[in-house]
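Peer 1: Have a look at this one.
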Amino acid sequence: MCGIVGYVGMKQAAPILLEGLSKLEYRGYDSAGIAVRDGEKDVTIVKAKGRLKGLFEKTEEGKAVPGTCGIGHTRWATHGEPSETNAHPHRSDDGNVTAVHNGIIENYQELKDKLLRKGYTFYSQTDTEVVTKLVDYYYKKYQMGPIDAIAKTMVRVRGSYALAVMFKEHPGEIYCARKESPMIIGVRDGESFVASDVPAILKYTRNVYYIDNLEMVKLSAGQVTFYNLDGEEVQKEMKEITWNAEAAEKGGFEHFMMKEIHEQPRAVQDTLNSVWKDGRIDLEEVGLSDEEIRKLSRIYIVACGSAWHVGMAAQYVIEDLAKVPVRVELASEFRYRKPILEKDSMVIVISQSGETADTLAALREAKNRGITTLAIVNVVGSSIAREADHVFYTMAGPEISVATTKAYSAQLIACDCLALQLAYVRGEITEETYINLIAELQTLPGKIQEIISDKERIQWFAAKFANVQDVFFIGRGIDYAICLEGSLKMKEISYIHSEAYAAGELKHGTISLIEDGTLVISCLTQNDLYEKMISNMVEVKSRGAYLMGLTTYGHYSIEDTAEFTVYVPKTDEHFTPSLAVVPLQLMGYYISVARGLDVDKPRNLAKSVTVE
Ligand code: G6P
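And the structure:
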């Protein structure tokens, strides 16, 4: 998400910044900007919405912005729509501080209110402008220099960030800080670089330093000095990058899909944090009032592909917790079937891109009928986000791999938050249950991480089945929804025929396809349905199926039936899809790799389907 580049040395900075930014394009962005300083002169800022081409043109490929010290940024909107005003770099009111930032400042609203009271004004909707002005505030208040001002800011802000800052009174210097968002420092004779990812500086140097969490660094031409939060100098060892440029973009992973699978704990955490306030869920930014929630009579969830699978899982959670009837529909069907929509119903559309043609058309259909609409969307400022009455942004960051993983997980958690809030506001769950379930949601990122850390076991199993013809996924209830997604992951990237079936439905036809050695993946995470699922597994096993089981720790009797079992940590049963889907994503991935296929760009598929 977003990209930072900075340079200070003896060369012209702007062309190096632009070149670096273009190497970060793969991260996804909707606007870009640079700030360059020519000696003691004031900073020149140039920004452009859209592709980098616009910034290249505006700056005459950098030639129109002279100076040997500068910072640049590609922005992927999280707070505030994509626009030139919201693009970075941002400046404090008198130009004392100029900054670019990656990540999310969770308490930006509270900090903004504080700064407004101190007389600051704001021109953008970004959290970055807030953090820039907070640095300015501490710089002027304590007058103890840039490192002290940044350290005080770091203590005050909550969230994740990588910051690169220039101060008017410190020409030829760039100051950086980070917490959780990635950032590296590069050096070579008389030149220093900063970037959020290796590819941006690989052309210039392979000698890098890694900044640890809650550390700061001062860059001047060829000199870098690191500091801890107390402002004390920290010694660092220089490392040499040995990867090639393409591998660097993937952060060392072989494919974007694997990188994105690994980004799931963060995507889930960030999405959760975006509506989490003091142990409760706060939908103020989504704009859904308690009154609207109370009068809801029915919910329609409309989406395509994996987003539709999220809806399938969400219906169980919403109905069970909030007791609101839910109907889940494919957008391509909904838009033409002339649905009967009750006056007090709400249509929830789910979309990563926010541009899927059928989902957009379904949203418009609902709006034309005067029904309240809520969009769960990943891309800020997308068509669906702009047109829906309410928007719940998932915080997955840009997703490159066609087969979705982290956006799916972020959508699931968004639905869980929504279900919980609906249940609480409508008085269907007690205060205690509400608080406990929210606390349980907070454990999911760590549990997802645990599953990913054990991925080699799945890799081993997947390698044995790389040449199968067919795979069947079976499950009941919410596990059936997980099966739908597992099956799609399998077929879309490995080109193996696969189907997901509600386990009880198998005997009405599909069971005739089971032969000796057919792989059947059974998902059984629900206590009440466990025995029934075991019976369904025995049915296929007795017809020759080879069984993989997917369940939670504790259900060890599964080993009497399944040949291979994957366990996921226990959580509240409403939330198991967030965990159970991960091994299935890994299965699809490893089988595709074993078959030598193009994992990130499967044939015939598009990441965003903007045509009918
Ligand atoms: C495409 C993608 C899927 C995605 C679907 C819906 O088919 O390959 O991964 O689930 O579109 O996309 P959306 O952007 O609306 O979530």
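The sequence shown finishes on residue 615 if you use our numbering, and the numbering steps up by one all the way, no holes. Beta carbons: idealized from backbone N, C-alpha and C, even for Gly. The model shown is predicted, which means the values in this text are computed figures rather than measured ones.
Just reading off the alpha helix (DSSP H) that Gly308 is part of, what are its end residues?
Peer 2: Taking the first residue of the sequence shown as position 1, residue 308 is located at position 305. It spans 308-325 - the alpha helix (DSSP H) in which Gly308 sits, taken as one unbroken run.
Peer 1: How about Val602: is its Cβ closer than 7 Å to a heavy atom in the ligand G6P?
Peer 2: The residue labelled residue 602 in the question sits at position 599 within the sequence shown. No, Cβ of Val602 sits at least 7 Å from all heavy atoms of the ligand G6P.
Peer 1: Would you mind stating whether Tyr145 and Lys136 have Cβ atoms separated by less than 8 Å?
Peer 2: The residue you call residue 145 lines up with position 142 of the sequence shown. The residue you call residue 136 lines up with position 133 of the sequence shown. Taking a C-beta distance under 8 Å as the contact criterion, Tyr145 and Lys136 do not qualify as a contact pair.
Peer 1: Which word fits His511, buried or exposed, when buried means at least 16 other C-beta atoms lie within 10 angstroms of its C-beta?
Peer 2: For this step, residue 511 is matched to residue 508 along the sequence shown. Looking at its Cβ environment, which holds fewer than 16 other Cβ atoms inside 10 Å, His511 is exposed.
Peer 1: Which runs of the beta strand (DSSP E) fall wholly inside the region 277-310 and span at least 3 residues, in chain order?
Peer 2: Runs found: 301-306.
Peer 1: How about Val11 and Gly189: do their beta carbons lie closer than 8 Å?
Peer 2: Against the sequence shown, residue 11 aligns to sequence position 8. Against the sequence shown, residue 189 aligns to sequence position 186. For Val11 and Gly189, no; Cβs fall outside 8 Å.
Peer 1: Buried or exposed: Val133, going by 16 or more other Cβ atoms within 10 Å of its Cβ?
Peer 2: Indexing the sequence shown from 1 puts residue 133 at position 130. By the 10 Å Cβ count, Val133 comes out buried.
Peer 1: For the ligand G6P, I want to know if Cys307 counts as a neighbour, meaning its beta carbon is within less than 7 Å of at least one of the ligand's heavy atoms.
Peer 2: As a first step, residue 307 must be located in the sequence shown, where it is residue number 304. At least one heavy atom of the ligand G6P is nearer than 7 Å to the Cβ of Cys307, so yes.
Peer 1: So, at 7 Å on beta carbons, what are the nonlocal neighbours of Ile432 in its own chain, with the 5 sequence-adjacent residues on each side left out?
Peer 2: In the sequence shown, residue 432 corresponds to position 429, counting from 1. Correct list, in chain order: Leu324, Ala426.
Peer 1: If we call anything under 8 Å between Cβ atoms a contact, is Val543 one with Val523?
Peer 2: Start at 1 with the first residue of the sequence shown, and residue 543 comes out as number 540. Start at 1 with the first residue of the sequence shown, and residue 523 comes out as number 520. In contact: Val543 and Val523 (Cβ atoms closer than 8 Å).
Peer 1: I want to check one thing, is the minimum distance from the CB of Ser292 to the heavy atoms of the ligand G6P below 7 Å?
Peer 2: Here residue 292 is taken as the residue at index 289 of the sequence shown, counted from 1. Outside the cutoff, so no.
Peer 1: Please tell me whether Thr521 and Ala548 are closer than 8 Å, where the distance is taken between their beta carbons.
Peer 2: In the sequence shown, the residue the question calls residue 521 occupies position 518. In the sequence shown, the residue the question calls residue 548 occupies position 545. With a cutoff of 8 Å on beta-carbon distance, Thr521 and Ala548 are scored as near each other.
Peer 1: Identify, in the order they occur along the chain, each residue of the same chain with its Cβ nearer than 6 Å to the Cβ of Thr359, setting aside the five sequence neighbours on each side.
Peer 2: As a first step, residue 359 is located in the sequence shown; it is residue number 356 there, counting from the start. Counting only Cβ-Cβ distances below 6 Å, and skipping sequence neighbours, we find Cys307, Val612.
Peer 1: Considering only DSSP beta bridges, list what Ile107 is partnered with.
Peer 2: Position 104 of the sequence shown, counted from the first residue, corresponds to residue 107. Ser163.
Peer 1: Could you pull out every residue in the same chain whose Cβ sits closer than 7 Å to the Cβ of Tyr123, ignoring the five residues on either side in sequence?
Peer 2: If you number the sequence shown from 1, residue 123 lands on position 120. Within the same chain, Tyr123 has close Cβ partners Asp96, Lys136.
Peer 1: Mark Ala466 as exposed unless 16 or more other C-beta atoms lie within 10 angstroms of its C-beta, in which case mark it buried.
Peer 2: What you label residue 466 is simply residue 463 of the sequence shown in a count that begins at 1. The residue in question, Ala466, is exposed, as its Cβ has fewer than 16 Cβ neighbours within 10 Å.
Peer 1: CA-CA distance, Ile594 and Asn470?
Peer 2: What you label residue 594 is simply residue 591 of the sequence shown in a count that begins at 1. What you label residue 470 is simply residue 467 of the sequence shown in a count that begins at 1. Ile594 and Asn470: Cα-Cα distance of roughly 8 Å.
Peer 1: Three or more C-beta pairs closer than 8 Å, one from the region 54-69 and one from the region 5-21: is that the case here?
Peer 2: As far as the Cβ criterion goes, the region 54-69 touches the region 5-21, which means the pair count is three or higher.
Peer 1: Can Asn210 and Arg191 be called in contact, C-beta distance under 8 Å?
Peer 2: Residue mapping note: residue 210 aligns to position 207 of the sequence shown, counting from 1. Residue mapping note: residue 191 aligns to position 188 of the sequence shown, counting from 1. Result yes, Cβ atoms of Asn210 and Arg191 sit closer than 8 Å.
Peer 1: Can you tell me whether Thr274 sits near the ligand G6P, meaning its C-beta is under 7 Å from at least one heavy atom of the ligand?
Peer 2: As a first step, residue 274 must be located in the sequence shown, where it is residue number 271. No - the ligand G6P has no heavy atom lying nearer than 7 Å to the Cβ of Thr274.
Peer 1: Could you round the C-beta distance between Gly75 and Leu24 to whole angstroms and report it? I think they count as a contact, below 8 Å.
Peer 2: In the sequence shown, counting from the first residue as 1, residue 75 sits at position 72. In the sequence shown, counting from the first residue as 1, residue 24 sits at position 21. Contact between Gly75 and Leu24 holds, with the beta-carbon distance rounding to 5 Å and staying under 8 Å.
Peer 1: Going by the C-beta, is Ser354 closer than 7 Å to any heavy atom of the ligand G6P?
Peer 2: On the sequence shown, residue 354 is found 351 positions in, with the first residue counted as 1. Yes.
Peer 1: From Ser581 to Thr528, what distance separates their C-alpha atoms?
Peer 2: Stepping through the sequence shown from its first residue, residue 581 is reached at position 578. Stepping through the sequence shown from its first residue, residue 528 is reached at position 525. Roughly 12 Å separates the two Cα atoms.
Peer 1: Could you check which residue in Asn539, Leu532, Ser490 has the C-alpha nearest to that of Ile514?
Peer 2: Translated into the one-based positions of the sequence shown, residue 514 becomes position 511. Per the Cα distances, Asn539.
Peer 1: Less than 8 Å separating the beta-carbons of Cys179 and Leu232?
Peer 2: The count along the sequence shown starts at 1 and reaches residue 179 at position 176. The count along the sequence shown starts at 1 and reaches residue 232 at position 229. Contact flag unset, no.
Peer 1: Going by the CB atoms, is the gap between Ala224 and Ile7 shorter than 8 Å?
Peer 2: Counting from 1 along the sequence shown, the entry for residue 7 is found at position 4. Counting from 1 along the sequence shown, the entry for residue 224 is found at position 221. The answer is no: Cβ separation not under 8 Å.
Peer 1: What are the boundary residues of the alpha helix (DSSP H) that Ser545 is part of?
Peer 2: Looking up residue 545 in the sequence shown gives position 542. Note, Ser545: premise wrong, no alpha helix (DSSP H); not H, not E.
Peer 1: I need the boundaries of the beta strand (DSSP E) containing His393, first residue and last residue.
Peer 2: Counted from its first residue, the sequence shown places residue 393 at position 390. Counting along the chain, the beta strand (DSSP E) containing His393 begins and ends at 393-396.
Peer 1: I need the DSSP call for Tyr504, collapsed to helix, strand or coil.
Peer 2: Residue 504 sits at position 501 when you count from the first residue of the sequence shown. Strand, per DSSP.
Peer 1: Within 10 angstroms of its Cβ, does Gln226 collect 16 or more other Cβ (buried), or is it exposed?
Peer 2: The residue given as residue 226 occupies position 223 in the sequence shown. Classification of Gln226: exposed, given that the 10 Å Cβ count is below 16.
Peer 1: Going residue by residue through the region 341-427, where are the continuous beta strand (DSSP E) segments of at least 3 residues, counting only ones entirely within it?
Peer 2: 348-354, 375-380, 393-396
Peer 1: Using the Cβ count rule (16 or more neighbours within 10 Å means buried), how would you classify Lys253?
Peer 2: Along the sequence shown, one-based indexing puts residue 253 at 250. Buried, by the Cβ-count rule.
Peer 1: How is the beta strand (DSSP E) around Ser515 delimited, first residue to last?
Peer 2: Taking the sequence shown and counting its residues from 1, the one referred to as residue 515 is at position 512. Here Ser515 belongs to no beta strand (DSSP E), and DSSP marks it neither H nor E.
Peer 1: For Ala565, collect the residues of the same chain with a Cβ closer than 8 Å to its Cβ; drop the 5 residues on either side in sequence, then sort them by chain order.
Peer 2: Position 562 of the sequence shown, counted from the first residue, corresponds to residue 565. Closer than 8 Å at the Cβ level, and outside the excluded window around Ala565, lie Ser525, Met540, Leu550, Met551, Gly552.
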